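Numbering (my numbering), first residue to last: 75 to 225. Glycine included, C-beta positions come from ideal geometry on N, C-alpha and C. Only a predicted model underlies this, so the values are computations on that prediction, with no experimental measurement involved. Below you'll find the structure, written out as structure tokens, and then a few comments.
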């Protein structure tokens with residue numbers, strides 16, 4: 075593993091927000107179909123919009139803060155396997171190239187939201203505790219999407 079890449083991930087402050095988004099997409103949904111990755115990007119951007127409107131301050135403001143908010147995306151938890159995988163994204167990885175293109179479209183406001191305003195998602199084979207009492211609004215490419223508004 076290249077030390078520069080490891081250092082960049084260890085201190086995500088030096089990464090652009092678009093790269094943080096791409097890495098989050100890769101680690102959380104990089105093995106899913108493109109439609110699912112796009113839907114996850116839209117979900118993150120829905121959170122960004124809520125945070126910027128002041129309706130949800132617990133995620134922080136901006137793309138990087140939303141992606142890296144505590145207990146939101148496991149890939150930013152240093153003790154999670156997805157974080158370890160994210161530290162070693164191979165140079166030229168085709169899935170990362172896809173995630174970077176999707177992140178660029180999302181950051182530019184050029185990505186449609188197929189989720190209907192979802193703010194949360196998880197793989198269909200998992201059932202996180204927060205989803206037990208919630209009804210999904212969409213299923214896209216192996217991910218379930220939920221619209222859970224801040225209380």
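Bridge partners - residue i, DSSP secondary structure assignment
i, result
"residue 161", "Bridge partners of residue 161: none, in fact."
"residue 147", "None; residue 147 has no bridge partner."
"residue 227", "A question about residue 227 goes unanswered here, because the residues of the chain that appear run from 75 up to 225."
First and last residue of the uninterrupted beta strand (DSSP E) at residue i
i, result
"residue 197", "194-197"
Exposed unless 16 or more other CB atoms sit within 10 angstroms - verdict on residue i
i, result
"residue 140", "buried"
"residue 222", "exposed"
"residue 117", "buried"
"residue 112", "buried"
"residue 130", "buried"
"residue 160", "buried"
"residue 201", "exposed"
"residue 184", "exposed"
"residue 138", "buried"
"residue 93", "buried"
"residue 186", "exposed"
"residue 163", "buried"
Residue nearest to residue i in terms of C-alpha spacing, selected from the options
i, options, result
"residue 98", "171, 128, 132, 220", "171"
"residue 213", "204, 205, 195, 201", "195"
"residue 68", "94, 188, 105, 91", "This structure cannot settle anything about residue 68, because the visible part of the chain is limited to 75 through 225."
"residue 146", "121, 162, 166", "121"
"residue 210", "138, 218, 158", "218"
Rounded Cβ spacing between residue i and residue j (contact assumed at less than 8 Å)
i, j, result
"residue 107", "residue 215", "4 Å"
"residue 100", "residue 192", "Not confirmed; about 19 Å, so no contact."
"residue 115", "residue 180", "4 Å"
"residue 143", "residue 136", "Incorrect: roughly 11 Å between the Cβ atoms, too far for contact."
"residue 177", "residue 89", "With 8 Å as the limit, residue 177 and residue 89 do not qualify as a contact, their Cβ atoms being about 11 Å apart."
Segment limits, alpha helix (DSSP H) that includes residue i
i, result
"residue 127", "108-127"
"residue 100", "91-103"
"residue 138", "137-142"
"residue 168", "168-181"
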